[in-house]
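2 protein chains.
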Amino acid sequence: MIESSKKTKNEFSLSLWTDLYQITSAAAFFINGVNPRVSFELYVPKLPRNRNYLIAVGLEHVVEYLSEFRFTDDDIEFLRSLPQFCSTPKEFFSYLKEMRFGGDLWALPEGTPFFPREPILRITAPLIEAQIVESYILNAINYPITVASKAARIVESANHINVIDFGFRRAPTPHAAHFASRAAFIAGFEATSNLEGARRYGIPAIGIIPYSFVLPFESEQEALKKYARAFPNGALVLIDTLKPAEATREVIACGEKLRGVRISSKELLKLSRNVREMLNSAGHQDTKIIASGELDEVKIHKLVQANAPIDYFGVGAGLVSPAESETVEGTYKLVEIEDNGRIRYPEKFLSGRKILPGKKQILRKVDDNGKYCGDCISKAGEVPQNNEIACIRKIMERGKLISPLPSIKEIRKYCLEEIRKLPEELRNISGRYTYPVRISPSLRKIRKTIFIKKKR
Amino acid sequence: MIESSKKTKNEFSLSLWTDLYQITSAAAFFINGVNPRVSFELYVPKLPRNRNYLIAVGLEHVVEYLSEFRFTDDDIEFLRSLPQFCSTPKEFFSYLKEMRFGGDLWALPEGTPFFPREPILRITAPLIEAQIVESYILNAINYPITVASKAARIVESANHINVIDFGFRRAPTPHAAHFASRAAFIAGFEATSNLEGARRYGIPAIGIIPYSFVLPFESEQEALKKYARAFPNGALVLIDTLKPAEATREVIACGEKLRGVRISSKELLKLSRNVREMLNSAGHQDTKIIASGELDEVKIHKLVQANAPIDYFGVGAGLVSPAESETVEGTYKLVEIEDNGRIRYPEKFLSGRKILPGKKQILRKVDDNGKYCGDCISKAGEVPQNNEIACIRKIMERGKLISPLPSIKEIRKYCLEEIRKLPEELRNISGRYTYPVRISPSLRKIRKTIFIKKKR
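Protein chains in written order, with the working numbering: chain W, 1 to 456; chain H, 1001 to 1456.
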């Protein structure tokens, strides 16, 4: 990944960030002159464990990728060096060299809740372009959706107490940390400890005094006094996890201004109460308590229910390293082929699988209270009823963004509003509730036609 | 992450890829003139579930990071814009601007097996430098170690049958896929489907015809004939997972040269036997069978034990998305402070925790058969016995690499040799076995001194 910095000398591209078979397939299509205009759609076949809904995040990563998609001379040179392409005609590589993404992109706006089988992204482009981008798009979107959907639950469980992303060092890789910081902020987190994430995406940054700061000094008091000299506006202090009561006394004894203390423990309820009491007795009513320590939505929910005197929850691994069972797995499927003006569906493939053919739309019904009460997966272009919203919007046309993407603050505001419009039951972090999603009659008709044709 | 490409216009750096508190701590150290030469060591406190040993991988990422470490004008400008630094003197930012990593780096060579509590990396540098790099180093090394250690088990279970990395799209992010491809290759994987991983690290690339290739065509036979026209040397074909027997017949009926067929199923034993028989009956004895489908070391072990006629195993999520319980969590701790020529240990901190003080070495004992039979964690500089190897080596001195890092092929060869030298019991993927690791008398003496001082 540091390679990318080295590439400052040359051009940099992401076009090889894919599986080899995407390029061998492209070559075989090209050589046979098979390159009709097609549509692929990305959807999530099923909800991970303990999820009632998912949040669409990651579109910005996809748009950046598609906008800059091109093969550099270095990329082509590498491909030609592979044994797989030893007899591939040079015209194919000239074609790659000229290739840009010139298709249309439709998608759910970032921050929109969605459900299994609903299309969240559609690409309409010549087959080769639409196919070659599959691996990167899938990879770039699964993790942000996973993290945002987890983050929404954490925010829900915290019930208006602020939640902070402390995941940088626990994310799978440094880049993943940035994706995670962005996804978490969109879903309602307040701030992040990840500096590059904060800079790149405009997220408020937050930092505590780590315990390692204390180590070079002879005592905690000395360390804190030194820190206070550097940050006279007050500090956020990490209370030693081994002897928290003693450490709290020491911190108070310093007499310095304390913006907050961070406690990290497996017994946060008891500890937060003790620390709050000690702080209050010493006149530090305004000092905030930040709690962390292997937190997730279940633990936070319990603490909130018990009225633990905690002002901020810091979440690390519980946010950025979701369990296998919580991981979202999108799939990107060919749904429509335009052959000489005639629309056809990849019938053989669709018939045996639960894939919905054709370009589609999500029509979301709004009840009299402004709440969402059910979705209809329809054919693209079906006219929504008065009380329905067409969720999928056109994002790029002929490879160009049709209007600037919203800022992260706008996305976050929209996301939190959208979540509030979901049925209450869906937002319950421990209950299972299936949001009604139906398939429109005209879409069912297409499926039926395919099945009947197939059976004949 | 695409930002990095945009940065081609400006400078690019990774110095903000860290937690904010690393920089606030640095500021507090700087302002107080506290910047002694110190040593930090990175180690893994405990083995993940089902692991008897771990493989050290990721050093190359760390060396690249340290070699290029610097704050650009953009980085400084961003830091100064943060409310946390509103009253921080400008001298601190001048200091950051000039800062390079000028310390010493000692580490286990990549590909070396190691055990809990053993130091795998040591940085000796001025406190601020040594502290500020913590977050990135931890983040950059945990995932490669996790993947390499998992990959070693997968390779072991395959018992000389080739294993291939199909993880690109299932990795947490695109960058993680590259880290994973490299780590897996070092631990014995043969090839990867990840093109950029292949290019960046010089790993053989492999590609199958994906099933999506077939979809735009009217039939599988037509698709395969077209593919064969493009790749006359023979193809690797994915057999449709829904109707594999029928699909195999179709593939054979094409009469094209088949290098291999890829089967993907939950019942690989039965399917591989059927497909092998069909291929053999049709005279395709040379056609290889590549098996995939949610494989991991346990499933591969069963297939190998049952003599499934499989020539290659393709592993995706089972390699690149290890379960939470399989994830390695390193920790980076201050172990020694040089104060005006006097060595001291961060006593307060060490005494209550199971951390070994001081700069350390791993002495690995070799028995008469050339096998490893036990480690001793010693003080750095303790002289190894005749039958002991000092594992930790100096990698960088005063910020410069002392000799070029080995190539990935050299690392892989070394890694496989090292694994072969481990006791057999350790390599059993289902058994638990604790490799003997002791602490040298002189190191124990230091610990004792600390405890006694503390208790007084």
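Yeah, the Cβ is synthetic: ideal placement off N, Cα and C, and Gly gets one too.
Source: prediction; values computed, not measured.
Query: Can you give the Cα-Cα distance for Q1385 of chain H and S1378 of chain H, rounded to whole angstroms?; Result: 12 Å
Query: Could you tell me the distance, in whole angstroms, from the CA atom of K409 of chain W to the CA atom of I1154 of chain H?; Result: 44 Å
Query: Entirely within the stretch 30 to 78 of chain W and at least 4 residues each: give me those alpha helix (DSSP H) ranges in chain order.; Result: 59 to 68
Query: For A152 of chain W, I'd like the list of residues in its chain whose CB is within less than 7 Å of its CB, leaving aside the five on either flank, ordered along the chain.; Result: I55, A187, G188, I419
Query: Under 7 Å Cβ-Cβ, which residues of chain H neighbour Q131 of chain W?; Result: S1212
Query: Can you check whether the CB of Y414 of chain W is closer than 8 Å to the CB of G111 of chain W?; Result: yes
Query: Using 10 angstroms around the beta-carbon of A1176 of chain H, count the other beta-carbons present and answer buried if the total reaches 16, otherwise exposed.; Result: buried
Query: List the residues of chain H whose Cβ lies closer than 7 Å to the Cβ of G207 of chain W, in chain order.; Result: D1019, L1020, Y1021, T1024, Q1084
Query: Are the beta-carbon atoms belonging to S325 of chain W and P45 of chain W less than 8 Å from one another?; Result: no
Query: Restricting to runs no shorter than 3 residues, where is the beta strand (DSSP E) found entirely within the stretch 1111 to 1190 of chain H?; Result: 1121 to 1126, 1162 to 1165
Query: Taking Cβ-Cβ distances shorter than 9 Å, what residues in chain B pair up with K1226 of chain H?; Result: The structure shown contains no chain B; its protein chains are W and H.
Query: Okay, do the stretch 356 to 371 of chain W and the stretch 20 to 34 of chain W touch, 3+ Cβ pairs below 8 Å being the bar?; Result: no
Query: Quick check: the Cα distance between R1259 of chain H and E1397 of chain H, rounded to an integer number of angstroms?; Result: 50 Å
Query: Measure the Cβ-Cβ separation of D339 of chain W and P36 of chain W and say whether it is below 8 Å.; Result: yes
Query: Looking at the unbroken beta strand (DSSP E) that takes in I1439 of chain H, where does it start and where does it end?; Result: 1437 to 1439
Query: Can you tell which of W:Y43, W:R276, W:I446 has its C-alpha closest to the C-alpha of R344 of chain W?; Result: W:I446
Query: Go through its chain and collect everything with a Cβ distance to L1271 of chain H's Cβ below 7 Å, but skip five positions before and after it.; Result: P1244, I1263, S1265
Query: Give me, in chain order, the residues of the same chain whose beta-carbon lies closer than 8 Å to that of K7 of chain W; leave out the 5 immediate sequence neighbours on both sides.; Result: Residue confidence for K7 of chain W is low, a pLDDT of 41 falling below 50, so the modelled location carries little weight and cannot support an answer.
Query: List, in order along the chain, the chain H residues whose C-beta lies closer than 7 Å to that of I337 of chain W?; Result: P1216
Query: For I1128 of chain H and L1105 of chain H, I'd like the C-alpha separation in whole angstroms.; Result: 15 Å
Query: Based on Cα-Cα distance, which residue from W:V63, W:M99, W:G207, W:E424 lies nearest to G314 of chain W?; Result: W:G207
Query: Counting only Cβ-Cβ distances shorter than 7 Å, please list the residues of the stretch 113 to 140 of chain W near chain H, keeping chain order.; Result: L127, Q131, S135, Y136, L138, N139, A140
Query: When you compare the CB positions of Y332 of chain W and I164 of chain W, do they come within less than 8 Å of one another, or not?; Result: no
Query: Around the C-beta of R1444 of chain H, are 16 or more other C-beta atoms found within 10 angstroms, so that it is buried, or is it exposed?; Result: exposed
Query: Where do the N-terminal and C-terminal ends of the alpha helix (DSSP H) with E246 of chain W fall, by residue?; Result: 244 to 253
Query: How is L96 of chain W classed by DSSP in three states: helix, strand or coil?; Result: helix
Query: Among residues of its own chain, excluding the 5 on either side of T1088 of chain H, which ones have a beta-carbon nearer than 7 Å to its beta-carbon?; Result: A1027
Query: I'd like the span of the beta strand (DSSP E) that includes A291 of chain W, first residue to last.; Result: 288 to 292
Query: According to DSSP, simplified to helix, strand and coil, what is K1302 of chain H?; Result: helix
Query: Give the C-beta separation of E1250 of chain H and Q1285 of chain H to the nearest angstrom, bearing in mind that I take them to be a contact with Cβ-Cβ under 8 Å.; Result: Not quite, the Cβ-Cβ distance comes to about 19 Å (not below 8 Å), so this is no contact.
Query: Output yes if chain W places a C-beta closer than 8 Å to the C-beta of A1230 of chain H; else output no.; Result: yes
Query: Do K1371 of chain H and P1423 of chain H have their C-beta atoms closer together than 8 Å?; Result: yes
Query: Whose C-beta lies closer than 7 Å to the C-beta of A1130 of chain H among residues of the same chain, with five residues either side of it excluded?; Result: V1038, F1040, G1103, I1123
Query: Looking at F402 of chain W: is its Cβ nearer than 8 Å to the Cβ of L59 of chain W?; Result: Here residue 402 of chain W is Ile; the residue named in the question, Phe, does not match the sequence. No. Outside cutoff.
Query: Distance, Cα to Cα, S4 of chain W vs I290 of chain W?; Result: For S4 of chain W, the predicted structure reports a pLDDT of 41, less than 50, and the residue's modelled location is therefore unreliable. A value from the coordinates is still provided. If I take the Cα positions, the gap works out to 37 Å.
Query: Check whether the Cβ of K302 of chain W lies closer than 8 Å to any Cβ atom in chain H.; Result: no
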